[in-house]
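A.B. asks: Before I ask anything, here is the structure I am working with.
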Amino acid sequence: MRHFLNIISYIFHPLFVPIGGTVMYFLVTPRYSSLEIQSGNILPIFILTVIIPIIFFLILKNLGVIHSIFLPTLKERKYPLYINAILLLMILYKVIPNNYVPELFYFFLGLLTATGATLILLFLKFKTSIHLLGMGSILMFMVALSIHFEINITLAISVFTLLTGLVATARLYLRAHSKTELLIGFLLGVLSQMLILRYWL
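Start counting the sequence shown at 1; every next residue gets the next number (UniProt numbering).
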């Protein structure tokens with residue numbers, strides 16, 4: 001059981017949230033988008049939010065700053081969150097404007113808002129579940145896209161809701177977070193997306 005829940009924690013690692021939301025948008029949207037626009041967003045976002053963070057993780061691990069990809073302590077979370085915020089800013093100012101997709105712009109703005117809130121809580125010595133923050137962000141984005149494009153993706157939303165519960169169960173079972181930390185993380189993800197809905201929904 002522990003091995004299975006560890007795999008779940010890796011598969012739904014917050015590292016994959018930005019690229020996951022991006023790919024999901026292009027799968028869901030009925031709006032035509034050329035291959036150039038899709039690749040112009042997906043490729044640089046993948047490089048900036050997956051490849052570069054992995055490189056930074058290896059560097060920080062070699063320096064002894066962090067010891068695990070799950071960042072179990074408050075001290076280990078600080079630098080990866082700084083790096084994540086900078087990379088999200090780069091996406092907002094450099095990547096998306098070149099192949100502008102408003103829904104993605106606001107999705108990443110929501111992720112940046114959630115990251116900022118997580119950093120504030122970190123300074124207050126509170127460890128937020130970034131796993132649940134990511135799951136909450138994508139779940140709310142899926143609901144918003146369904147309303148925005150008036151399409152029925154209830155099955156996908158239901159499956160992702162179950163997966164969110166599975167991730168929460170995994171983090172609890174592995175004693176990575178308390179129930180409060182999971183709940184706060186999920187609420188940060190959902191609310192950060194909800195706050196900006198009025199600008200694009």
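Heads up, the beta-carbon is just placed ideally off N, CA and C, and yes, glycines get one too.
Out of L60, L71, M24, L191, point me to the one whose CA is closest to H13's CA.
C.D. replies: The candidate whose alpha carbon is nearest that of H13 is L71.
A.B. asks: Grab me the residues of F149's own chain with a C-beta within less than 8 Å of its C-beta, minus the 5 sequence neighbours each way, in chain order.
C.D. replies: Closer than 8 Å at the Cβ level, and outside the excluded window around F149, lie V28, T29, P30, R31.
A.B. asks: Spatial neighbours of V190 within its chain, please: CB distance less than 6 Å, with the 5 preceding and 5 following residues excluded, ordered by chain position.
C.D. replies: G136, M140
A.B. asks: How do the segment 1-8 and the segment 36-53 stand: do at least 3 beta-carbon pairs fall below 8 Å, yes or no?
C.D. replies: Output reads no: the segment 36-53 does not touch the segment 1-8.
A.B. asks: Do we get a CB-CB distance below 9 Å when we pair Y199 with the residues of chain C?
C.D. replies: Given the protein chain composition of this structure (a single chain), no chain C is represented.
A.B. asks: Using the Cα positions of I45 and R175, report the straight-line distance between them to the nearest angstrom.
C.D. replies: 31 Å
A.B. asks: Can you give, in chain order, each stretch of the alpha helix (DSSP H) that sits fully within the segment 137-174 and has at least 4 residues?
C.D. replies: 154-173
A.B. asks: Below 8 Å, how does it come out for the segment 115-125 and the segment 156-173: are there three or more Cβ pairs, yes or no?
C.D. replies: no
A.B. asks: Return the chain-ordered list of same chain residues with a C-beta closer than 7 Å to the C-beta of L88, the five sequence neighbours on each side being excluded.
C.D. replies: Excluding sequence positions up to five before and after L88, its CB lies within less than 7 Å of the CB of F108, L111, L112, T115, all in the same chain and listed in chain order.
A.B. asks: For L92, which of H131, I66, L15, F105 has the nearest alpha-carbon?
C.D. replies: The candidate whose alpha carbon is nearest that of L92 is F105.
A.B. asks: My output table needs one value for Y100: the three-state DSSP class, helix, strand or coil.
C.D. replies: coil
A.B. asks: Note down, in chain order, each residue of its chain lying with its Cβ closer than 7 Å to the Cβ of K125, except the 5 sequence neighbours on either side.
C.D. replies: Excluding positions up to five away in sequence, the list reads L74.
A.B. asks: Tell me which residues share the same chain as E60 and place their Cβ nearer than 7 Å to its Cβ, disregarding the 5 neighbours each side in the sequence.
C.D. replies: A small fix is needed here, since residue 60 is Leu in this sequence, not Glu. Excluding positions up to five away in sequence, the list reads I66, Y79.
A.B. asks: Quick check on G116: does DSSP put it in helix, strand or coil?
C.D. replies: helix
A.B. asks: Buried or exposed for residue 202, going by 16 or more other Cβ atoms inside 10 Å?
C.D. replies: No information on residue 202 is available, as it lies outside the stretch 1 to 201 that the chain covers here.
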